[in-house]
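Quick note: the sequence shown uses our numbering, first residue 5, plus one each step.
Each residue gets a CB set at the ideal place from its N, CA and C atoms; glycine is no exception.
Keep in mind that this is a model prediction, so the values were computed, not measured.
Since the structure comes first, as C-alpha cells, the remarks are kept for the end.
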Amino acid sequence: MKTRPALLPLLACLLLACAPAHADGSPETRNTALRPNLHGQLAQPLRYRPDGQDFVIQDGTEFFNRSLYGGNDAFRVDGGDRPEFSLYLPGRGGNLRLGVRTAAGTIWLHEAASVAMRYRPGELLYEIGDPLLGPKGRIRIESVAYAATQGLGLEVRGESLPADAELVFAFGPGNGQKGQRGGDIGSEKVPISEFFQFAPEFARTTRYEVDARGFVASAPHASISATVGGDARWRLAD
C-alpha cells in the first residue's frame, strides 16, 4: 500500500485491532435466498446513475463492491459506495480507513453525512461533506491500483476546511483468507460488505516495523508497506 501526497496536515495511525465498522448490524440485512429470474421478479431499484463514462451514487451504503485492478495478476483493491478499502492479495490483505480530526471532533470518512462516489475505469473518486468540516468544507479522494506493483495509491485533498483539520488513516492487516470463490460478490454466506470487514483476530500473527517514513506489516502470507507524501506521525494502536 502506497499513498500519493495528501494535501492536509497528517496524523497517521496503524490499527492492530478495531471494532467492525457496522457494529449496529448495518448495512441493511438482505435476503440471500436463491430466487429465479422470472417475469415480475426482475425489477430492482436503480442505485447508480451514468454520468459520461462514470457510474455515480450519492450516499450509498455498500462496502467493497467496486474493485480496482492493477497489473495482470490476482491482486485487487475493493472499494465501494463508502470510502474504506480492502486489499485482496489474493486473500485478505487488510483494510484501510480514512478519517478527519478537528477541534470539534473526529469522524471516519465512511460515516460522513454526505458521500458522493464516482466509479470510472481504473479509478474510484469520492467527494465528502459533513458538519464537522464546515458549511463549505469538502474532502476529495482519488484512488487507483498500481499496474507495475501490487499497491493502492490515494490522493486526498481538502477544500475550505477548518484550519486545524488533520487527516487520519488507519490500517488493519488481514489473515490471507481467500473466501469461497476469491471473494466474489454473491459467493459468501454473508454480503461482501460484511465479509471483508476487519476483525481483530486477523491481525494476531502480524509483526510491525514503524519509522518516520511509514510502516511494514509482516505476516506469514504477505508483507505490506505504507508511505505518505508529507509529514506524518505514526503509531501502533488498538
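Practice prompt. Pick helix, strand or coil for leucine 240, following the three-state DSSP scheme.
Written response: strand
Worksheet entry | Where alanine 207 sits in the DSSP three-state scheme | helix
Discussion item. On the DSSP bridge list, what partners appear for aspartate 63?
Written reply: In the DSSP output, where bridge partners are listed per residue, aspartate 63 has none listed.
Discussion item. Is it buried or exposed, serine 147, if we count other Cβ atoms within 10 angstroms and call 16 or more buried?
Written reply: buried
Discussion item. Taking 8 Å as the cut-off, does the segment 81-93 touch the segment 205-224 (at least 3 CB pairs, one atom from each stretch)?
Written reply: no
Worksheet item: Of the choices Pro166, Ile196, Thr231, whose alpha-carbon is the least far from that of alanine 108?
Response: Pro166
Worksheet item: For proline 135, which of helix, strand or coil comes out of DSSP?
Response: helix
Discussion item. Within 10 Å of its beta-carbon, does valine 104 have 16 or more other beta-carbons around it, so buried, or fewer, so exposed?
Written reply: buried
Worksheet entry | Delimiting residues of the alpha helix (DSSP H) encompassing phenylalanine 79 | Premise fails: phenylalanine 79 is in no alpha helix (DSSP H) and is neither H nor E.
Worksheet item: Using DSSP with H/G/I as helix, E/B as strand and the rest coil, what is phenylalanine 199?
Response: helix
Item to complete: Give the C-beta separation of aspartate 168 and tyrosine 123 to the nearest angstrom, bearing in mind that I take them to be a contact with Cβ-Cβ under 8 Å.
Response: Not confirmed; about 32 Å, so no contact.
Practice prompt. Take glycine 71 as the anchor and find which of Glu127, Gly98, Ile111 has the nearest alpha-carbon.
Written response: It should be pointed out that residue 71 corresponds to serine in this sequence rather than to glycine. It is Glu127.
Discussion item. By the three-class DSSP mapping on this structure, what secondary structure does leucine 50 have?
Written reply: coil
Worksheet item: CA-CA distance, alanine 236 and arginine 217?
Response: 8 Å
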